[in-house]
Amino acid sequence: MPHPPYPPAPTLGIIGLGLIGGSLGLDLRRQGYRVLGVSRRDRTCELATTQGAVDQASTDFALMAEADWVVLCTPLDVLVPTVEALRPHLRSGTVLTDVGSVKQPIVEAIAPLWPNFVGGHPMAGTTDQGIEAAQFGLFVDRPYVLTPTPQTPAGAIAAVEALATALGARLYRCSPEEHDRSVAWISHLPVMVSTSLIQACRLEPSERVCALAQQLASSGFRDTSRVGGGNSELGLLMARYNREALLQSLRAYRQSLDGVMAAVEGEDWPQLQQILEQSHGDRPRFVA
Ligand code: NAP
Numbered sequence: 007m008p009h010p011p012y013p014p015a016p017t018l019g020i021i022g023l024g025l026i027g028g029s030l031g032l033d034l035r036r037q038g039y040r041v042l043g044v045s046r047r048d049r050t051c052e053l054a055t056t057q058g059a060v061d062q063a064s065t066d067f068a069l070m071a072e073a074d075w076v077v078l079c080t081p082l083d084v085l086v087p088t089v090e091a092l093r094p095h096l097r098s099g100t101v102l103t104d105v106g107s108v109k110q111p112i113v114e115a116i117a118p119l120w121p122n123f124v125g126g127h128p129m130a131g132t133t134d135q136g137i138e139a140a141q142f143g144l145f146v147d148r149p150y151v152l153t154p155t156p157q158t159p160a161g162a163i164a165a166v167e168a169l170a171t172a173l174g175a176r177l178y179r180c181s182p183e184e185h186d187r188s189v190a191w192i193s194h195l196p197v198m199v200s201t202s203l204i205q206a207c208r209l210e211p212s213e214r215v216c217a218l219a220q221q222l223a224s225s226g227f228r229d230t231s232r233v234g235g236g237n238s239e240l241g242l243l244m245a246r247y248n249r250e251a252l253l254q255s256l257r258a259y260r261q262s263l264d265g266v267m268a269a270v271e272g273e274d275w276p277q278l279q280q281i282l283e284q285s286h287g288d289r290p291r292f293v294a
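The sequence shown: position 36 = 42 (our numbering), numbered continuously.
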């Protein structure tokens with residue numbers, strides 16, 4: 007079994023044993039880390055242990071006293087209260103990181119509570135949630151963004167980089183603000199666009215046409231509706247915590263949509279062709 011690179015065989019704590027926390031545990035145990043988990047419900051702790059995501063799990067933060075590094079994997083709105091409750095149980099040198107999908111408000115709130123904290127965001131997921139959805143290899147070849155500030159200790163950054171590398175992820179570093187603006191475009195806006203698409207389909211007046219459309223929906227609709235039909239709690243929290251950047255991207259999207267509508271309404275086919283060709287050319291810059 008390969009040994010983690012830095013430091014030798016640290017004990018890893020994971021708080022929140024859901025899709026992300028459970029998947030981290032599965033991979034990192036396989037890499038030789040000893041993994042301790044804390045979650046809210048006893049049932050989740052039992053499942054995480056039987057699924058092999060953790061060596062030991064508890065609903066009591068006291069278990070984290072043994073951890074060298076702790077990864078916070080709870081929903082965004084409980085990250086800060088979790089750190090407040092966890093703090094008395096941690097050793098002073100413990101490295102703390104989180105996996106939250108929004109960084110600026112989280113980093114601003116947690117860094118003063120625990121200086122050895124590095125904001126992080128492994129950009130992988132599925133439409134499912136909970137420990138049952140945890141899977142091996144979720145982070146392989148996916149971006150893992152670290153958002154240190156000028157005050158973040160270098161040792162803490164190195165520890166979280168070692169974790170991301172052990173997961174087979176692609177490492178990126180940027181400021182919390184740049185992270186939030188970037189993910190607004192490529193993650194949070196798509197969730198809102200995709201959910202709006204599903205909502206728009208509900209407006210078809212004929213039940214018969216609606217039923218037929220549901221039967222005919224295939225790969226195009228599956229791709230475009232996937233993120234809008236996923237974890238609603240996560241979508242809501244993204245919007246609440248990254249509101250400004252999301253609003254900016256939604257306004258730009260509305261402008262884009264108006265451009266498409268104007269071309270169709272005015273039968274300006276050369277204009278529509280230009281828009282479609284530009285998109286065809288731009289897409290590979292975002293996804294290979
Ligand atoms: P999830 O599957 O719903 O898991 C969250 C887990 O947190 C739940 O299993 C729950 O455990 C636990 N939890 C909730 N409140 C808690 C508390 N007060 N104390 C301890 N544990 C608590 O959600 P997820 O998709 O893994 O998301 C978790 C984090 O990852 C979020 O911050 C999200 O922004 C981030 N993230 C998500 C994705 C994605 O696509 N899903 C991608 C990247 C990052 P119990 O079962 O014990 O209640």
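Beta carbons are placed, not taken as given, at the ideal position from N, Cα and C, and that holds for glycine.
Less than 6 Å between the CB of Leu173 and some heavy atom of the ligand NAP, yes or no?
-> no
Touch check for the stretch 124-139 and the stretch 262-270: three-plus C-beta pairs under 8 Å?
-> no
Quick one: grab the DSSP three-state call for Gln62.
-> strand
Find out if the Cβ-Cβ distance for the pair Ala54, Gly43 is shorter than 7 Å.
-> yes
Nearest to His194 by alpha carbon, out of Ala170, Gln284, Gly234, Phe142?
-> Gly234
Quick one: residues in its chain with C-beta nearer than 7 Å to the C-beta of Ser64, no 5 flanking neighbours on either side, listed in chain order?
-> So the list reads Val44, Cys51, once near-sequence residues are dropped.
Could you check what DSSP says for Leu152 in three-state terms: helix, strand or coil?
-> strand
Measuring from the CB of Arg187, is there a heavy atom of the ligand GTP at a distance below 6 Å?
-> Judged by which ligands are present, the ligand GTP is missing from the structure shown, whose ligands are the ligand NAP.
Between the Cα of Gly161 and those of Pro121, Val197, Ser188, spot the shortest distance and give me the residue it belongs to.
-> Pro121
Please work out which residues of its chain come closer than 7 Å, Cβ to Cβ, to Lys109, disregarding the five sequence neighbours upstream and downstream, and give them in chain order.
-> Result list for Lys109: Gly125, His127, Thr153, Pro182, His185, Asp186, in chain order.
Selected residue, minimal CA-CA separation from Thr155, among Val197, Arg176, Thr103, Phe142 = Thr103
Using DSSP with H/G/I as helix, E/B as strand and the rest coil, what is Leu18?
-> In this structure, Leu18 counts as strand in the three-state DSSP scheme.
Is DSSP giving Val108 helix, strand or coil here?
-> coil
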